[in-house]
Amino acid sequence: MSKTVVEIQRTWGRYVKGDVAGFEPAQAERLTGSKPPIAKLFKGETPQRAASAGSADAADIAKRMAALDEREKQLAAREAELELAAAAKPSSDAAGAPPKQGSK
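Right, here's the structure in full:
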């Protein structure tokens with residue numbers, strides 16, 4: 005069974021204006037034939053949603069990789085400082101006696 009692809013022109017159910025959806029031919033006919041039409045037949049390619057990942061040039065990638073490496077080094081240095089500070093700080097885990105319970 006093939007579906008008919010339509011572009012929604014106004015809100016209908018869960019679809020909003022601009023959505024592209026496929027319906028059974030009878031349902032697509034009802035959507036396109038209503039007054040005013042809810043949808044129109046879709047005559048086009050799937051819209052481009054984002055630039056492809058291959059569109060970045062090598063210089064831009066190298067620059068971003070260098071910045072990422074620098075941030076990783078800075079983060080490692082901060083983590084080492086925090087570990088040293090935590091090791092130097094005395095532990096406060098020594099628990100005292102539990103509180104006295106009851107009226108005795």
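Under this note's numbering, think of the first position of the sequence shown as 5, with each following residue one higher.
Think of the CB as a built atom: it goes at the ideal place given N, C-alpha and C, for glycine as much as any other residue.
Within a Cβ cutoff of 7 Å, which residues of the same chain sit near K21, ignoring the five residues on either side of it in sequence?
I12, Q13, R14, T15
Under a three-way DSSP split, which group does A43 fall into?
strand
Assigned secondary structure, E76 (DSSP; H/G/I helix, E/B strand, else coil)
helix
Between which two residues does the alpha helix (DSSP H) harbouring A25 extend?
It is not in any alpha helix (DSSP H) - A25 instead sits in the beta strand (DSSP E) that spans 24-27.
Could you tell me the distance, in whole angstroms, from the CA atom of R34 to the CA atom of P41?
9 Å
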